[in-house]
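Report on the following structure.
In my numbering, the protein residues as written are 5 to 819.
Okay, structure coming up:
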């Protein structure tokens, strides 16, 4: 989620979330009238690429404060937060400050060297950033990380980035946006990784009618798995790609556990299941114009155990891979699923339907057409496996391709329908999809992954592509639980409000988050978590796993715990996933499609998504904002500028900035997901009318999630826990402004070191809770967090004759 606050000539204006086309039209009409405006839109799914379009009136000074909220996801056992450093030029005073606030002790805190390419996530063995300063506090529950690269360090980082991305070093001090690998003035990505103490049975938070359930066990034995590697060796994989695929597979095969089993499926125009005996034979000679008969069904071969001898043979087979032919995606996936299903049948001839007779929509229309297909009988190889041991393996299909389907079935809808039909039931495999490069069919591959409970990843072409492949495998290499189910009593939650609560496989180092809305008058929530886990470390057996929890439901709202916003964002994300997974919109009522539901929630909670955008327009002296539709007969700009409450008075009102945002952390009771970041500030100076489009950030991380940073603007001054300050906060002066008999201006600091009087804290008699106290800077006084603006007018004081202070009881100072 993003929020944008703009200061024009000292006055602040808040952005509003609108449906994407409506926001764009409002912005364009403001531009056509020469009025200052800004427009923020998300660029892509599953990344936080976004653009900011800016129109600045001539002779105006404009500052944009852009704030985003992100739910950190646990990966490889740590939360990773990355901040792209893209100043465009050398900056004399460049500072990044990251503040972590947790209720559990921080057990891991790493600040690795600045990323200057597509490096894999850092581990505990990687070098740390020697120029980052870490200050811990509050019994290891808080930490502040500061990074101030001087001009020499910025120059060095630009040089490293230029070398890694083949950018001309002579241009590294200038801003350019011509392609992903031509961005100049880039320092890299500053990364913070951390983890906390956690309850191995999971944490449940309840507040204000909503709950969030976190689960990230660490001490379970790893389940043995059956991995089916489905690898594209079509002609487009020639050269560098095929060599990087080989390099990655050598490392991945070496990382298999002794109890794992694997199969190697190679596909181009035809599909081949490799028998490890081939490693001891002379490889067949293939002419450049070798023709594959794609209609010939592959012979199924039993999986191989990951013994050192078998791994060595598999590496030899992969070493012989050559890139030639077309791309038979349908045949490759069909073969992988049949290999998995074969584990549960006795050795016997198998009927293989390359397609089935079915009614499917044509590519151009939604009309159904009937297609007839042929059936081929394939002889399965005799099995010498321990069938009972193989049956309990956790099935994983890892599918890699770099192109579109060009051979066999090429209709995306039929490909997904065939796979869904075959890969079903209790023994279905989870499917992970790797898109190698920019030419793969992203829409089709994402649909395949979503329908089969996996995810898709793009492997970027570059020198480190093999590392990217290896890093991906590391994330899915250790299944801990199968058939995970979160259950909540029907009388304790509202029907239809619980987010995704079933997971085919849970992997080590990750985290599951489930949220929902509580039923009215519930006093206790009693969830049950069930699944199957390993019995011991050899992974050959599994047992039922079940944990029941009792969580009291507080009668009153508990401070700053915005679970409703987290629930809303998880719901939106899963609705968008459902939209992408569906072939066609089957809902009769268009108001109840996943897309429409996601749009309504995004507008209600003010999230920027692929369906919505932020827009801010400078109003005139009588202007105000309403939520007229773009379909209204009046222009969108006129609708935006007439009627309702003046924009300036809504600076911190509405659902985008609830008072429950107070506090740097998201979860004050438990659940380690909080990380705060000072809002980014972009300044524009315009001597004449100009319009520009700027790529503000280019992170390569996952979806945007809400509510882990403090509220916009207030967090700049570390006043996260002082929501009453919103109405008297003046950005242009960095101060709190009180209107008494005369205007009183109380300066604020953005520094983490709070102001203190050189002569010591002064005595005062009008303390917050009555009686005597000391005059201290506002953030030093805990009891000042829960007062009102009117209270502060009676209790304020000046620290060092300048800064915003409060008369505070001595017992509440510096807690």
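Even for Gly, the Cβ is constructed at its ideal location relative to N, Cα and C.
DSSP state of residue i mapped onto helix, strand, coil
i, result
"residue 101", "strand"
"residue 135", "coil"
"residue 266", "strand"
"residue 278", "coil"
"residue 596", "helix"
"residue 612", "coil"
"residue 562", "coil"
"residue 398", "strand"
"residue 332", "coil"
"residue 766", "strand"
"residue 160", "helix"
"residue 88", "strand"
"residue 737", "helix"
"residue 64", "strand"
"residue 424", "helix"
"residue 309", "strand"
"residue 356", "Note on residue 356: pLDDT 47, under 50, position unreliable in the model; the coordinate value appears next. Strand, per DSSP."
"residue 106", "coil"
"residue 815", "helix"
"residue 415", "coil"
"residue 344", "helix"
Between the CA atoms of residue j and residue i - distance to the nearest angstrom
i, j, result
"residue 25", "residue 274", "45 Å"
"residue 779", "residue 562", "29 Å"
"residue 539", "residue 232", "24 Å"
"residue 128", "residue 113", "10 Å"
"residue 77", "residue 339", "33 Å"
"residue 485", "residue 153", "44 Å"
"residue 403", "residue 422", "16 Å"
"residue 401", "residue 740", "58 Å"
"residue 720", "residue 807", "15 Å"
"residue 65", "residue 456", "52 Å"
"residue 442", "residue 473", "15 Å"
"residue 163", "residue 334", "45 Å"
"residue 251", "residue 323", "9 Å"
"residue 786", "residue 117", "36 Å"
"residue 796", "residue 602", "41 Å"
"residue 67", "residue 617", "19 Å"
"residue 570", "residue 746", "42 Å"
"residue 765", "residue 817", "11 Å"
Contact set for residue i: own chain, Cβ-Cβ below 6 Å, skip 5 residues either direction
i, result
"residue 227", "398, 483, 538 and 543"
"residue 756", "148"
"residue 410", "330 and 331"
"residue 555", "208, 210 and 529"
"residue 501", "520 and 521"
"residue 150", "101 and 137"
"residue 278", "268 and 321"
"residue 193", "86, 88 and 119"
"residue 491", "532"
Cβ shell of residue i (< 7 Å), same chain only, five flanking positions each side left out
i, result
"residue 495", "523"
"residue 282", "321"
"residue 814", "777 and 778"
"residue 732", "740, 741, 742 and 793"
"residue 157", "135"
Beta-carbon proximity list for residue i, same chain, < 8 Å, skipping 5 on both sides
i, result
"residue 276", "269, 270 and 302"
"residue 768", "776, 777, 778, 779, 801 and 811"
"residue 426", "338, 341, 342 and 345"
"residue 599", "579, 580, 583, 589 and 615"
"residue 245", "327, 406, 440, 441, 465 and 469"
"residue 132", "114, 115, 116 and 117"
"residue 798", "770"
Cβ-heavy atom distance, residue i to the ligand GDP, below 7 Å
i, result
"residue 764", "The ligand GDP is not part of this structure, which contains no ligands at all."
Decide yes or no for the touch test of the stretch 96-114 against the stretch 79-87: beta carbon pairs closer than 8 Å, at least 3 of them.
-> yes
Which runs of the alpha helix (DSSP H) fall wholly inside the stretch 428-485 and span at least 4 residues, in chain order?
-> 446-455 and 469-479
Report yes or no: do the stretch 248-256 and the stretch 214-223 share at least 3 C-beta pairs separated by less than 8 Å?
-> no
Which residue spans inside the stretch 198-275 form an unbroken beta strand (DSSP E) run of at least 3?
-> 207-211, 214-219, 229-236 and 265-271
Give a yes or no on contact between the stretch 237-250 and the stretch 197-210, applying the rule of three or more CB pairs nearer than 8 Å.
-> no
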